[in-house]
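Peer 1: One structure follows; several queries about it will come next.
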């Protein structure tokens with residue numbers, strides 16, 4: 079899945095029977111069509127899976143002028159938004175389903191993506207759905223408190239870096 083980090087909308091997805099570049103490439107192509115013509119600065123963040131580091135996949139990102147960001151190690155917290163949506167898909171929307179073939183999986187994922195994007199309000203999106211948030215610009219209010227942000231007394235965003243440039 080390709081997730082828009084601002085709206086949390088799934089803008090590209092694909093399902094395949096193996097960890098091959100073809101399926102993430104298909105999701106990426108879908109996402110690029112979705113944002114075609116928009117004037118946005120795009121950063122592609124992923125883990126270091128071979129399918130995302132492949133010559134074909136990286137080449138498509140570079141051809142489109144997309145900055146590439148990859149996690150340093152295997153820590154799922156490095157890609158928390160993607161891990162959360164993957165968990166929602168697997169452990170809520172698709173949990174308990176029985177699939178007889180890859181076509182069954184694709185149909186179920188298509189329905190789940192549509193439901194996630196259009197029916198699920200998010201606390202991190204001021205209780206809007208991702209589809210509703212996609213029409214917004216600027217900062218979106220959250221319906222929860224960031225205690226990490228509340229630690230800052232100077233009003234600056236939390237970066238995990240001390241003022242002297244050293245990690246906290």
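Numbering (our numbering), first residue to last: 79 to 246. Note that beta-carbon positions come from the ideal geometry of N, C-alpha and C, so glycine has one too.
Residue 101: which of 91, 216, 87 sits nearest, CA to CA?
Peer 2: If we check each option's Cα against that of residue 101, 91 comes out closest.
Peer 1: Tell me which residue opens and which closes the alpha helix (DSSP H) that residue 165 is part of.
Peer 2: That run of the alpha helix (DSSP H) goes 158-166.
Peer 1: What do you reckon, are the CB atoms on residue 87 and residue 211 nearer than 8 Å?
Peer 2: In this structure, residue 211 lies closer than 8 Å to residue 87 by Cβ.
Peer 1: With a Cβ-Cβ cutoff of 8 Å, do residue 142 and residue 110 count as a contact?
Peer 2: Their beta carbons are under 8 Å apart, which means residue 142 touches residue 110 by this criterion.
Peer 1: If the criterion is Cβ atoms closer than 8 Å, does the pair residue 121 and residue 136 meet it?
Peer 2: Taking 8 Å as the Cβ cut-off, residue 121 and residue 136 do not qualify as a contacting pair.
Peer 1: For the beta strand (DSSP E) that residue 148 lies in, which residues bound it at each end?
Peer 2: 145-148 is the span of the beta strand (DSSP E), which, as asked, contains residue 148.
Peer 1: On the three-state DSSP scale, how would you describe residue 113?
Peer 2: It is helical.
Peer 1: What are the start and end residues of the beta strand (DSSP E) that includes residue 90?
Peer 2: Taken as a continuous stretch (DSSP letters only), the beta strand (DSSP E) holding residue 90 covers 88-90.
Peer 1: Which same chain residues end up closer than 7 Å to residue 139 when comparing Cβ atoms and leaving out the 5 residues on each side of it in sequence?
Peer 2: Cβ within range, chain order: 122, 146.
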